[in-house]
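Chemist: Start counting the sequence shown at 2; every next residue gets the next number (our numbering).
We put the beta carbon where it would ideally sit given N, CA and C, even for glycine.
On a predicted model such as this, the values are computed, not experimentally measured, just so you know.
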Amino acid sequence: PSDTDAEPATEVADKADEVGDVAGLEEPAEAEKAAEDPVERRVAEVSVLLDDAAGCEDADVARAAALYQEAIVGCLEAADDPLASAGVRNELLRGFDGLSSLLERQGLADESLAVVEDAAALGLLNGREVDRTESRDALRERREALRRALFADSAQL
Numbered sequence: 002p003s004d005t006d007a008e009p010a011t012e013v014a015d016k017a018d019e020v021g022d023v024a025g026l027e028e029p030a031e032a033e034k035a036a037e038d039p040v041e042r043r044v045a046e047v048s049v050l051l052d053d054a055a056g057c058e059d060a061d062v063a064r065a066a067a068l069y070q071e072a073i074v075g076c077l078e079a080a081d082d083p084l085a086s087a088g089v090r091n092e093l094l095r096g097f098d099g100l101s102s103l104l105e106r107q108g109l110a111d112e113s114l115a116v117v118e119d120a121a122a123l124g125l126l127n128g129r130e131v132d133r134t135e136s137r138d139a140l141r142e143r144r145e146a147l148r149r150a151l152f153a154d155s156a157q158l
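#1: Please name the residue in D59, D52, A120, R133 whose C-alpha comes closest to that of Q107.
#2: Going along the chain, which unbroken runs of the beta strand (DSSP E) with 3 or more residues stay wholly within the region 83-113?
#3: According to the neighbour-count rule (16 or more other Cβ atoms, all chains shown, within 10 Å of its Cβ), is G56 buried or exposed?
#4: Starting from the C-beta of D53, find all residues in its chain whose C-beta is less than 6 Å away, skip the five residues before and the five after it, and write them out in chain order.
#5: Skipping 5 residues on each side, what residues in its chain have a beta carbon closer than 6 Å to that of L114?
#6: Is it the case that the Cβ atoms of S101 and L51 are separated by a distance below 8 Å?
#7: Which class does D81 belong to by DSSP, given the choice of helix, strand or coil?
#8: Excluding the five sequence neighbours on either side, which residues of its own chain have a C-beta within less than 7 Å of the C-beta of N137, listed in chain order?
#9: When you measure from the CB of A150 to every non-hydrogen atom of the ligand HEM, does any distance come out below 7 Å?
Spelled out as C-alpha cells, the structure:
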C-alpha cells in the first residue's frame, strides 16, 4: 500500500473522536473519575476476581479458593488505609464470605473458622456501616455455627 492510501494515525484517531462525540458516546464524568481513582479501580478489579471465583466454585474448588484469597489480598493492598473505603470493606466482606463458605462446604471447618476470624480481626463483623450486610450477617452466623460445631465440648465458646 502506498502512503497516499493510508491516513496518518492521528487523523484516524481524530475522526474516531469526532464520530464518538457526534454519537454521544463520550464517557460520563463519574466513570472517568472512578477510572482515575486507584482505589476504585482496584475495587473494580477485585470485583471481577470475586465474580470469577464464585463462577468456578463447582468446577475448580482450588482455583476458586485462590481467587478469593487473591481478591482479599488485593483489597488489603488497595490503599494505605483500605478499611476507610466503603467499596474495599464491601469487597472484603464478599471475599471473606465466599472463601469461608467454600471451605465450610468442603468440610474444612477449622480453615473456614480461621477465615471468619480473620475478617473479625479486621473489624468487618462489627456494626460498621457497610452495603453488604448479607455478607457480614452470613459471616457472623457461620462463625457461631462453626464455633458450636468445633468446640461443642469446650469452654472455648
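Modeler: Based on what the coordinates show:
#1: If we check each option's Cα against that of Q107, D59 comes out closest.
#2: Within the region 83-113, no complete beta strand (DSSP E) segment of 3 residues or longer occurs.
#3: exposed
#4: L68
#5: L147
#6: In this structure, L51 does not lie closer than 8 Å to S101 by Cβ.
#7: coil
#8: Reading off the sequence shown, one finds Arg at residue 137, where the question assumed Asn. Excluding residues within five positions, the ones whose Cβ falls inside 7 Å are L94, L125, L126, V131.
#9: The ligand HEM is absent from the structure shown, which contains no ligands of any kind.
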